[in-house]
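Protein chains: 2
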Amino acid sequence: MATPSMEDYLERIYKLIDEKGYARVSDIAEGLEVHPSSVTKMIQKLDKDNYLIYEKYRGLMLTPKGKKMGKRLVERHQLLENFLTIIGVQEDNIYKDVEGIEHHLSWDSITCIETLVEYFRRDPGRTDELLNVRKELEADN
Amino acid sequence: MATPSMEDYLERIYKLIDEKGYARVSDIAEGLEVHPSSVTKMIQKLDKDNYLIYEKYRGLMLTPKGKKMGKRLVERHQLLENFLTIIGVQEDNIYKDVEGIEHHLSWDSITCIETLVEYFRRDPGRTDELLNVRKELEADN
DNA sequence: GGGGAAATAAAGCAATGGCTACGCCTAGCA
DNA sequence: TGCTAGGCGTAGCCATTGCTTTATTTCCCC
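Residue numbers (full-length UniProt numbering), protein chains in the order written: chain A, 1 to 141; chain B, 1 to 141.
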């Protein structure tokens, strides 16, 4: 099983490859705000766990396993951002909260949240009603 | 700011006091599945941070700050369980997921989730509709 | 072929939390 | 009142997770 940090790296790597076609150590380091040496170490771990194939100084390639996981991680992150946005969490809190919880939810929960987001997407009136509940609760104080 | 583990202890302590009137080291240890010595250490930390007043061998008392926080933590835990239940997460996953995320959500997010839970509570038809969305999504695969 | 940017290796540190071993209190029984 | 068992406390240690620092290596391009 991947640790939270491994997931962060994998997510970042997937995104970089998706956007630029490759993932360099320095780009990964910059994105995650860590030093390059930390990246090298983690890449070696990800290689050992077969998420990617790593060749020193040459670069890396995601394995099918790594691609699949990376994709899920990126989608999961996006989903959670959408979810928090929909229910009315302030922009400033969203990023940190997603960072905090994304590694701790079962795929079962993720699926259910997906459903929930789809539920609100299908009928915007539902979001309005949610907002009404909010206003009422706020009025009660 | 309290660390995740501090929150777990505080939550447990609050619950014990609420239910039995007092919180003994051994009860806390049992509840959290740790050794008593770990409990003593953490209690000292919680005392230092003014969540409780601790007298060796005598027991402990939550301060107003500790009571307030403990209450919030217990309620937060319950809320998250309710939330996951409502959206259809399997029982077996709920406890671990709540354990995982409870320490990583801003109070803003908690409030929004509270609203969401209230939204579904007010009209059970909404839960039915959510279930319908789920069935449709499942059918699509 | 040499210089500099990028990458890697090795060692170490810091935070968090837990455990073991042992010694100390104190309630409750005799 | 005094003893003792069980609960509690202290000190020191360990593991994990990640990150940094420093020093070295490699690659690429002029």
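Built from N, CA and C at the ideal position, the CB exists for glycine as well. Remember, it's a predicted structure, so these values are computed and weren't measured experimentally.
Contact note: GLN90(A) reaches chain B through ASP108, using a C-beta cutoff of 7 angstroms and chain order.
With a threshold of 16 other beta carbon atoms within 10 Å, GLU7(A) meets it and is buried. Residues of the stretch 112-133 of chain A with a C-beta less than 8 angstroms from any C-beta of chain B: CYS112, ILE113, GLU114, THR115, LEU116, GLU118, TYR119, ARG122, ARG126, GLU129, LEU130, VAL133, listed in chain order. A distance below 7 angstroms between beta-carbons, with the five flanking residues on each side excluded, links VAL25(B) to the following residues of its chain, in chain order: PRO36, VAL39, THR40.
The DSSP-derived three-state label of GLY125(A) is helix. THR115(A) is classed as buried because its beta carbon has at least 16 other beta carbons within 10 Å across all chains shown. Looking from the CA of MET1(B), the closest CA among LEU62(B), ASP49(B), GLN44(B) belongs to ASP49(B). TYR14(B) places its beta carbon less than 8 angstroms from that of VAL74(B). GLY100(A) belongs to the set of residues whose beta carbon lies under 8 angstroms from a beta carbon in chain B. By the neighbour-count criterion, in which a residue is buried when 16 or more other Cβ atoms sit within 10 angstroms of its Cβ, TYR51(B) is buried. If you ignore the 5 residues before and after VAL98(A), its C-beta comes within less than 8 angstroms of the C-beta of HIS77, LEU80, GLU81, LEU84, all in its own chain and listed in chain order.
Rounded to the nearest whole angstrom, the CA to CA distance from PRO64(A) to VAL133(B) is 31 angstroms. Listed as beta-bridge partners of GLU55(A) by DSSP are GLY59(A). Assigned with DSSP and collapsed to three states, ALA23(A) falls in coil, not helix or strand. Per DSSP, reduced to three states, the secondary structure at THR3(B) is coil, with no helix or strand assignment. For HIS77(B), the enclosing alpha helix (DSSP H) begins and ends at 64-86.
In this structure, the alpha-carbon of ASP47(A) lies about 5 angstroms from that of ILE53(A). Only residues of its own chain outside the window of five on either side were considered, and among them TYR9 have a CB closer than 6 angstroms to the CB of MET42(B), listed in chain order. At least 8 angstroms separates the beta-carbon of ASN141(B) from that of ASP108(A).
A buried status is given to ARG12(B), since no fewer than 16 other beta-carbon atoms sit within 10 Å of its beta-carbon.
Against chain B, the beta carbon of ASN141(A) has no neighbour under 7 angstroms; the closest one sits roughly 11 angstroms away. Between the alpha carbons of PRO124(A) and ILE86(A) lies a distance of about 10 angstroms.
Each residue's CA atom was taken as its position, placing ARG72(B) and LEU131(B) some 30 angstroms apart. For the options LYS68(B), GLN44(B), LYS67(B), GLU102(B), the alpha carbon positioned closest to that of TYR57(B) is the one of GLN44(B). No residue range can be given for ASN141(B), since it is assigned to no alpha helix (DSSP H) and is classified by DSSP as neither H nor E. Among the CB atoms of chain B, one or more fall inside 8 angstroms of the CB of LEU105(A). Chain B has a Cβ within less than 8 angstroms of the Cβ of LEU84(A).
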